[in-house]
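Structure, as structure tokens:
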Amino acid sequence: LKDMDSPEAKDLLGLADVLARKSVWILGGDGWAYDIGYGGLDHVIAQQRDVNILVLDTETYSNTGGQMSKATPMGAIAKFAAGGKRTPKKDLAMMSMVYGNVYVARIAIGANESQAIKAFREAESYNGPSLIIAYSHCIGQGYNLIHGPEQQKLAVKSGAWPLLRYDPRLAEKGENPLQLDSKEPSIPLEEYIYNEIRYRSLKKASPEVAKNLLNQAQEDVKRRWTLYSNWASI
């Protein structure tokens with residue numbers, strides 16, 4: 012075609028784009044996404060680019076020896092947090108939703124497979140930046156991983172890992188873009204965390220410290236659930 016601006020040329024270019032559509036996914040762990048690579052991740056989601064990001068959140072630096080990351084929950088033991096992490100887990104989902112133009116989902120396939128599949132489909136179809144944060148059980152958490160799906164269910168029931176989807180397209184329709192896909196916490200946090208050595212070892216070594224951190228972590232779960240539920244009910 013001599014005239015690339017002609018209607019015919021544009022039609023052909025549009026068809027070629029559909030036939031050769033690229034699906035771009037960036038995969039990484041929480042050490043990268045929450046910590047050492049957060050600046051780059053934040054830069055990507057701040058752009059109006061059609062790119063998808065999947066964060067496999069094991070709540071520690073799994074590939075380099077189990078060091079504490081900002082995704083490590085309060086009260087968990089890790090390298091550089093031998094006495095239990097004293098600060099709450101960084102809420103990457105909420106920080107990303109504030110942009111308003113980013114599709115965000117938090118999933119736990121062992122707890123709700125259909126919600127996870129729906130999140131991947133929505134992220135793929137969204138023409139803009141998408142971020143999916145996936146609960147990923149790891150040997151570093153200190154339990155037989157055959158029980159991973161059960162632990163994921165307990166994480167969701169306790170409120171430590173609320174399932175959600177934030178779709179900016181709903182806001183364009185006048186609807187609330189935030190959808191909570193899990194119910195209000197129905198079990199105490201200790202029924203979930205003390206199945207794992209990273210919490211039990213602190214309870215055994217320093218019972219009072221573990222009790223204090225558990226109480227703080229439980230309050231943090233309530234605080235975050237209140238924030239999410241209030242946002243979802245607007």
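Under the working numbering, think of the first position of the sequence shown as 12, with each following residue one higher.
Just so it is clear, CB atoms sit at the ideal spot from N, CA and C, and this is done for glycine as well.
Straight-line spacing of the CA atoms in R117 and I150 works out to 21 Å. As computed with DSSP, I37 is found in a beta bridge with I64. Scanning the region 85 to 116 for uninterrupted beta strand (DSSP E) segments of 3 residues or longer gives nothing; none is fully contained. Between T75 and A89, the beta carbon gap of about 11 Å keeps them out of contact (Cβ cut-off 8 Å). For the 8 Å CB-CB criterion, G111 and G159 do not form a contact.
In this structure, A228 keeps its C-beta atom at 8 Å or more from the C-beta atom of G77. If you ignore the 5 residues before and after E201, its C-beta comes within less than 7 Å of the C-beta of L225, all in its own chain and listed in chain order. Look at R234 here: in three-state DSSP terms it is helix. Residues N187 of the same chain have their beta carbon placed closer than 7 Å to that of I245, with the five preceding and five following residues left out of the count. Looking at the backbone, the Cα of N63 and that of Y177 are separated by about 14 Å. L142: member of the beta strand (DSSP E) spanning 141 to 146, first to last residue.
Annotation: the continuous beta strand (DSSP E) that includes Y177 extends over 175 to 177. In this structure H148 is buried. Its beta-carbon is surrounded by 16 or more other beta-carbon atoms within 10 angstroms.
Membership of L156 in any alpha helix (DSSP H) is not indicated, and neither H nor E is assigned to it by DSSP. Within its own chain, the residues whose Cβ lies closer than 7 Å to the Cβ of A44, once the five positions on either side in sequence are excluded, are L52, V66, L103, listed in chain order.
Taking every protein chain shown into account, the CB of W172 has 16 or more other CB atoms within 10 angstroms, so this residue is buried. L189 sits in a strand when the DSSP states are folded into three classes. Contact check for S125 against K168 fails: the beta carbons are separated by 8 Å or more. In the DSSP assignment, the residues bridged to I118 are A145. By DSSP's assignment, Y49 forms no beta bridge with any residue. Around the Cβ of T69, a 10 Å sphere holds 16 or more other Cβ atoms; the residue is buried. Rounded to whole angstroms, the Cβ separation of S80 and D46 is 5 Å, and the two are in contact under 8 Å. Across the structure, W236 and Q152 are spaced so that their CA atoms are roughly 24 Å apart.
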